[in-house]
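**Q** The following block contains the structure, expressed as structure tokens.
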Amino acid sequence: MQDAAVTTAVPGELSRTGDDRPRTAETTRPDDASPDEAVVAAARTDPAAFRLLYERHWTAVYRYLRARTGRDADAADLAATTFERALVGLAGYRSEPSGFRAWLLRIARNAAIDASRRHRATEPIEASSLIALSEPGPEGRVLAAERSRELRALVAGLPDAQRDAVVLRYGGGLGAREIGSVIGKSEAATQKLLTRALARLKESYRDHD
Amino acid sequence: MTMTEGSTTGSATELDRDLFDALAFAPPPAATAAATQRVAAAIVLASTMHERRGHRSNGFLARLVLSIRGTARRRRAVALLFAVLILGGAGRGLLGLYEGMVGPEGSARTAWDRATIVGASQTHDGYRVTIERAYADANVLMLAISVHDLQNRGWTQVSAMGATATDERGDSFAGSMSMSSPDGPSVAANVAWFTSPPGLTPGQHTLSISVPAVSVRDTSTPPPAESPGVATGEDSWTPWHEVAGPWRFTVPLTVGGGSMVHPQSSASVGGTEVRLTEVTVSPASVTGTIAVSGAAGGGQWLPVGQVEHAGHTYALHSGVLGPDAAITFQASDGTTQTSGEWTLRINELVGSDGTQQVRLAGPWVLTFWMP
């Protein structure tokens, strides 16, 4: 069966179409976080429902871990570990304002920290990628790729806390409150952290223009 | 996004966009497939352990899954990987919905493209159920079933996902997956996916198909939490209700073939031996049976890996634990080009020690030949 291509849902409650936003069968509610809670409740009594949570949040978890680890295989392995731990720990999840994705990314962050302790050689966010800027190809694509590599290298050079906040924001798709719940800071402190990180990035980014 | 202070300039907006682009890593398909297999195995084991603890779920999903498992138990095997899926996409028309549900490639696409157009309808209590298409080979049966509330009773959704099928010998096709996608509130396209019974020969057959109930979704009654005085617990509340049938069909169908071999090849890693005892390759799937021995802790194991042949890779997507520790796996697609060398590559075995998941790292690489 074409598992990866189909959409999984708890019957009647949720479905997922092409993007990451949750929808009901009748209406689209892109900003409503409650569907996750309904699926979590369903998954507690029937683990098969966890599949929807996996499909909905896989990309965000992978992107966050890919940005942290710099390697596809490490990111995928840690993402799978994240969901395995989440499934086991689902009974302990309590609905929180920051939402299920933030809870997942907290597990992902802990898994990445555990892994980096075991493998000190892990290189974060392609820190050396500025070296390879001259690949051939259409000009626009090359420039876009160049900008992305440059930004990833700049993000890699941020202090740890700022880097984590930026990656959670732009890779994991979280807001300041959710990021704060992942890294253990208040929403206001997280806002300041993001502000400082973005200001630093903007300055460096501009310097490279 | 909600920008932070000092970041509302055009430059910051551009930086936002560039940061999203820079960190929008696309998961490689192979890495995604491997992770999906691991998580699917974890879900299967969690389901098994959940049931062993005596938990029962009251929802529609659970009832259907349990009915599937009940069938499997009667066959003295426990089906461990399944899915019940409801898709979005109202208003696209039934054909478009079916096309979207089967996807661009894989077993479902192969079965859909090779399916016989049946078009048999039965109406009961104002609900018309139609077997639109059917496909069967040595490994799988696929049924495309539409349901229509002809009286348009105001449900918010309908579905027909609990179909059963037997051949003329009375042997059942074991259910493993159903999908449903609404085309408005009164119509839905459904795809049911079964495992063919042993000994199903190629050629003309007559299938008996039954849809025991149609499900309707009624959101006019709020959950108990919003209804003071309602005694049922929140876990038991569901907006879905069943309308009893059955809707019965007799469907003549040409069953496609398949090639079966008994390789008896084996591979050992770290004292754990995997023996491949049987493989069946059909146009829409590859199935096989393995036995695992020597693994620390014993128990039952599900394989994570793929089957490879002629430059193509077929990911293992389900496992069934049978008697005598035999494990039947099913791959994501099949082929008619069977002849030559094949490889079964098991990257991990996933099992349980009774309290938590246990993973054994491979790879176990087993080769075999198909005629």
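Note that the protein sequences, when read in sequence, are chains C and Z. Under our numbering, the first residue of the first sequence carries the number 61, and numbering increases by one thereafter. Under our numbering, the first residue of the second sequence carries the number 247, and numbering increases by one thereafter. Cβ coordinates follow ideal geometry from the N, Cα and C atoms, glycine included.
Throw me the rounded Cβ distance for the A541(Z) and H563(Z) pair, which I believe falls under 8 angstroms.
**A** The C-beta distance from A541(Z) to H563(Z) rounds to 22 angstroms, too long to fall under 8 angstroms, and the pair is not in contact.
**Q** Going residue by residue through the stretch 386-415 of chain Z, where are the continuous beta strand (DSSP E) segments of at least 3 residues, counting only ones entirely within it?
**A** 386-395, 403-405, 410-412
**Q** Could you tell me which residues DSSP pairs with V353(Z) in its beta bridges?
**A** The residue asked about is misnamed: residue 353(Z) is Ser in this sequence, not Val. Answer by DSSP bridge pairing: none, since S353(Z) is not bridged.
**Q** What separation, rounded to the nearest whole angstrom, lies between the Cα atoms of G502(Z) and Q450(Z)?
**A** 9 angstroms
**Q** Could you tell me how far apart the beta carbons of T518(Z) and T535(Z) are, in whole angstroms, since I believe they sit closer than 8 angstroms?
**A** About 17 angstroms separates the two Cβ atoms, so there is no contact after all.
**Q** Give the secondary structure of H508(Z) by DSSP, where H, G and I count as helix, E and B as strand, and everything else as coil.
**A** coil
**Q** Which ranges would you report for the alpha helix (DSSP H) in the stretch 100-145 of chain C if only whole runs of at least 4 residues count?
**A** 110-129
**Q** Consult DSSP for Q222(C) and reduce its assignment to one of helix, strand or coil.
**A** helix
**Q** P157(C) versus chain Z: which residues are under 9 angstroms apart at the beta carbon?
**A** For P157(C), none of the residues of chain Z pass the 9 angstroms Cβ criterion, the least Cβ distance being about 15 angstroms.
**Q** Counting only beta-carbon separations shorter than 8 angstroms, does F160(C) have a partner in chain Z?
**A** no
**Q** In the structure shown, what three-state DSSP assignment does L234(C) receive?
**A** coil
**Q** Do the stretch 508-518 of chain Z and the stretch 387-398 of chain Z meet, that is, are 3 or more Cβ pairs less than 8 angstroms apart?
**A** no
**Q** Pull up the DSSP beta-bridge partners for W615(Z), would you.
**A** E587(Z)
**Q** Residues in the same chain with beta-carbon distance under 8 angstroms from A249(C), minus the five sequence neighbours each way, listed in chain order, please.
**A** Result list for A249(C): G240, in chain order.
**Q** Just the chain Z side, please: which residues come within less than 8 angstroms of S208(C) by C-beta, in chain order?
**A** D264, D267, A268
**Q** To the nearest whole angstrom, what separates the beta carbons of F419(Z) and A406(Z), a pair I think is in contact under 8 angstroms?
**A** F419(Z) to A406(Z), Cβ: 16 angstroms. No contact.
**Q** Expressed to the nearest angstrom, what Euclidean distance is found between the alpha-carbon atoms of T559(Z) and A281(Z)?
**A** Their backbone Cα atoms lie some 16 angstroms apart in a straight line.
**Q** Rounded C-beta distance between A366(Z) and F495(Z)? I'm assuming under 8 angstroms.
**A** 5 angstroms
**Q** Cβ closer than 7 angstroms: which chain C residues qualify as neighbours of V285(Z)?
**A** Y114, A140, F143, E144
**Q** Measure the Cβ-Cβ separation of W610(Z) and V520(Z) and say whether it is below 8 angstroms.
**A** For W610(Z) and V520(Z), yes; Cβs fall inside 8 angstroms.
**Q** Leaving out five residues before and five after Y265(C) in sequence, what residues of the same chain have Cβ atoms less than 8 angstroms from its Cβ?
**A** E210, L211, L214
**Q** Do the stretch 242-256 of chain C and the stretch 146-157 of chain C meet, that is, are 3 or more Cβ pairs less than 8 angstroms apart?
**A** no
**Q** Compute the Euclidean distance between the alpha carbons of L269(Z) and V497(Z), then round it to the nearest angstrom.
**A** 52 angstroms
**Q** Where are the beta strand (DSSP E) runs, 3 residues long or more, that stay fully inside the stretch 153-182 of chain C, in chain order?
**A** none
**Q** Quick one: what's P549(Z) bridged to in DSSP?
**A** L595(Z)
**Q** Within the same chain, show all residues whose beta-carbon is closer than 7 angstroms to that of P443(Z), passing over the 5 residues directly before and after it, in chain order.
**A** D413, D417, S418, F419
**Q** Helix or strand or just coil, what does DSSP make of G580(Z)?
**A** coil
**Q** Taking Cβ to Cβ, would you say F300(C) is nearer than 8 angstroms to V596(Z)?
**A** Nothing in the structure corresponds to residue 300(C), since chain C is present only between 61 and 269.
**Q** Comparing C-alpha positions only, which one of W547(Z), Q583(Z), D579(Z) sits nearest to N593(Z)?
**A** Minimum Cα distance to N593(Z) is reached at W547(Z).
**Q** What residues from chain Z crowd round R123(C), counting only those whose CB sits closer than 7 angstroms?
**A** L269, A270, F271
**Q** Could you tell me the boundaries of the beta strand (DSSP E) in which L453(Z) lies?
**A** 449-463 is the span of the beta strand (DSSP E), which, as asked, contains L453(Z).
**Q** Got a sec: which bits of the stretch 224-238 of chain C sit with their beta carbon under 8 angstroms from any beta carbon on chain Z, in order along the chain?
**A** The residues in question are V226, V227, R229, Y230, G231, G235, A236.
**Q** So what does T535(Z) bridge to, in DSSP terms?
**A** Under DSSP, T535(Z) shares a beta bridge with E524(Z), T574(Z).
**Q** By the criterion of Cβ-Cβ separation under 9 angstroms, what are the contact partners of D174(C) in chain Z?
**A** Simply none; closest approach about 16 angstroms.
**Q** Between which two residues does the alpha helix (DSSP H) containing L340(Z) stretch?
**A** 340-348
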